[in-house]
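Each residue of the sequence shown is one higher than the last, beginning at 119 in the numbering used here. Presented below is the structure to which this report refers.
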Amino acid sequence: MGGGQSLLAAAADAAKNNCVELDWSNRRTDDNPKLVTIVPPSFVSHLLGSTLTDLRLSGNGIAQLPASFGRLVALEYDSIIELTSLQRLWLHHNRLETLPPALGDLQALERVFVQHNVLSALPFSIVLLTELDASDNKICMLPEEWQTAPAVTTLRLTRNLLKQLPIGLGALQQLHTLSLQSNRLLELPAICASLVNLRNLNLQSLPRSITTLPNLHTLSVDRKTFALLDPAVLTFCTALPTFDILGL
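Below, the structure is given as structure tokens:
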């Protein structure tokens, strides 16, 4: 494959040496631009039964994961559920179009980073995480099942195509960081007022309902939004401990 040790060899070594982390990030170079665009099913089979908790495959232009992993273009989906120790997964800066529902079967998985891909939707099983960064994709719709996800604390969805938020999002009682700027949102659902632990919020537009968030500590808006703020919203914002106006 070039670029030093191959992905399969790295997986085999990680399993053999009982590694908890496998970092195979940024192996794609100008000299080898087509490196690892497809992760083969055998990659997962090499890791079965390992103690791996952290997997980093970012910055490789990956367009296909084995179905054994999730989905990135074809193969056998099921074997990813055998990676029972996996807690954190880095797949940002690739070319993923979908994520596999099988991710939700990874009971130990807590944090997933898939920013800078071409995702248009998220599987409902994604709500079982505690942290998700899916910024810089093409997501236009979120799962409705957030009421089943009490553990979510951080949700970053900046620079997507969201026009509305699911009502179930208001059930995230542990959510403290929500990033939604540069989407197409015009209003926050009224139920978002029940996000009692939300402390950090990034938005492109500020609806009046923002004033109902009881524990908000940090708010970031862009300069154009600030210029158009409703007086009641402006009063609320300027009273926050941290109010950032981006671009000033």
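Ideal Cβ positions, reconstructed from N, Cα and C, are used throughout, including at glycine.
- The criterion of a C-beta distance shorter than 8 Å is not satisfied by L250 and K281.
- In this structure, the alpha-carbon of T171 lies about 6 Å from that of E139.
- The three-state secondary structure of T336, taken from DSSP, is strand.
- Taking 8 Å as the upper bound for CB-CB distance, E263 and G286 are in contact here, some 6 Å apart.
- Closest in alpha carbon position to N178, among F161, T169, S143, is S143.
- DSSP places T343 inside the alpha helix (DSSP H), whose first and last residues are 341-345.
- Collapsing the DSSP output to three states places A239 in a strand.
- Taking 8 Å as the cut-off, the beta carbon of L246 is found no closer than this to the beta carbon of L217.
- When C-alpha distances from S300 are compared across L358, L334, N315, V339, the shortest belongs to V339.
- Within the same chain, and ignoring the five residues on either side of R274 in sequence, the residues whose Cβ sits closer than 6 Å to its Cβ are D251, S253, S297.
- Of the other Cβ atoms in all chains shown, fewer than 16 fall within 10 Å of the Cβ of R341; this residue is therefore exposed.
- Annotation: the continuous alpha helix (DSSP H) that includes L352 extends over 349-356.
- When DSSP states are grouped into helix, strand and coil, R274 belongs to the strand group.
- In the DSSP secondary-structure assignment, L250 is bridged to V230, L273.
- For L214 and L175, the gap between their C-alpha atoms comes out near 12 Å.
- Boundaries around D172 are those of the beta strand (DSSP E), 172-174, since no alpha helix (DSSP H) includes it.
- Counting along the chain, L319 sits inside the beta strand (DSSP E) bounded by residues 318-320.
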